[in-house]
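Take 76 as the starting number for the sequence shown in the numbering used here and just add one per residue. Report on the structure given below.
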Amino acid sequence: DRVLVAVGRVPNSEIAGLERTGVRRDASGFVIVDGQRRSGEPTIFAVGDLVGEPMLAHKASHEARTAVDAIAGHKTTFEPAAIPAVVFTDPEIAWCGLTEAQARAEGRTVHVCRFPWAASGRAMTLDRPAGVTKLVVDPESEQILGVGIVGSGAGELIAEGVVAIEMGATVSDLRLCIHPHPTLSETLMESAEVFFGQSTHVHRTKRGR
């Protein structure tokens with residue numbers, strides 16, 4: 076057996092003459108930018124792996140659009156909270172927003188809603204019942220803080236979680252969105268129903284208020 080270790084990247088920020096500008100770098104060499112991806116030199120913008128984690132192509136593309144809009148004079152800012160990440164294993168793993176561990180590390184009180192794919196009709200018919208859809212929710216405002224999915228096609232399903240976080244959706248918003256049956260996307264709606272103890276296919280005692 077062999078194991079390929081291919082983790083860790085360093086920024087290509089050793090650029091001749093950069094020291095004569097107002098561009099600043101952190102201890103790891105990543106360029107420091109503001110919400111519009113503008114560096115310490117007002118006319119120099121930086122995006123992508125050069126400005127740090129997460130090093131993802133879709134994050135870099137969105138940063139580039141933000142920078143272009145800022146250069147064009149539009150009011151814009153880059154919001155990193157809803158950047159989706161996908162591990163293309165089998166089954167896939169996908170998440171966006173805060174994980175349960177991150178939320179608790181920030182001192183937040185959260186309620187975690189889990190819907191097992193073994194209770195999903197579509198997952199069963201696909202013979203892919205090994206999976207779970209999880210919501211990390213603020214119990215007071217009921218706002219969705221994070222979404223995590225493990226299962227076949229999780230990378231496709233996480234986009235709905237991104238929309239929910241971007242729009243500041245609550246579990247009520249997600250619960251009241253009618254999802255087609257039987258589909259894997261239904262697991263997002265059902266995980267929202269778990270918050271209220273109303274999941275159609277999984278019995279959960281209603282959470283204490």
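Even for Gly, the Cβ is constructed at its ideal location relative to N, Cα and C.
Subject >> Residue from A169, A145 and E154 whose Cα sits closest to the Cα of P117 >> reply: A145
Contact check, T152 vs Q111 under 8 angstroms by CB: the rounded distance? 6 angstroms
How big is the Cα-Cα spacing for V191 and A205? It should be noted that the sequence gives Pro, not Val, for residue 191. Whole-angstrom Cα-Cα distance: 8 angstroms.
CA-CA distance, S103 and G228? 35 angstroms
*asked:* According to DSSP, is L210 part of a helix, a strand, or is it coil?
replied: strand
Take the Cβ of V212 as the centre, count every other Cβ of all protein chains shown within 10 Å, and call the residue buried at 16 or more, exposed below. buried
| query | With 16 other CB atoms within 10 Å as the buried threshold, where does M264 fall? | reply | buried
### Query
Run through DSSP, which three-state label would P257 get?
coil
Discussion item. Determine whether the beta carbon atoms of S136 and A194 lie at a separation below 9 angstroms.
Written reply: no
Quiz item: Helix, strand or coil: which one does DSSP assign to A81?
Solution: coil
### Message
Taking 7 angstroms as the limit between beta carbons, can you name the residues of its chain near I119, skipping five residues before and five after?
### Response
T96 and V98
inquiry  = Let's see if you can read the secondary structure: which residues bound the alpha helix (DSSP H) around H137?
reply    = A132 to I146
### Query
By Cβ distance, which residues of its chain are closer than 7 angstroms to M130, with the 5 residues on each side in sequence left out?
R84 and D124
**Request:** Just mark T262 as buried or exposed, buried being the case when its beta carbon has 16 or more other beta carbons within 10 Å.
**Result:** buried
inquiry  = Can you check which of these residues, T184, Q177, V225 and R183, is closest to A198 by C-alpha distance?
reply    = V225
Check: When DSSP labels each residue in this structure, what does R189 get in the three-state scheme?
Finding: strand
P257 classed as buried or exposed, judged by whether at least 16 other C-beta atoms fall within 10 angstroms:
exposed
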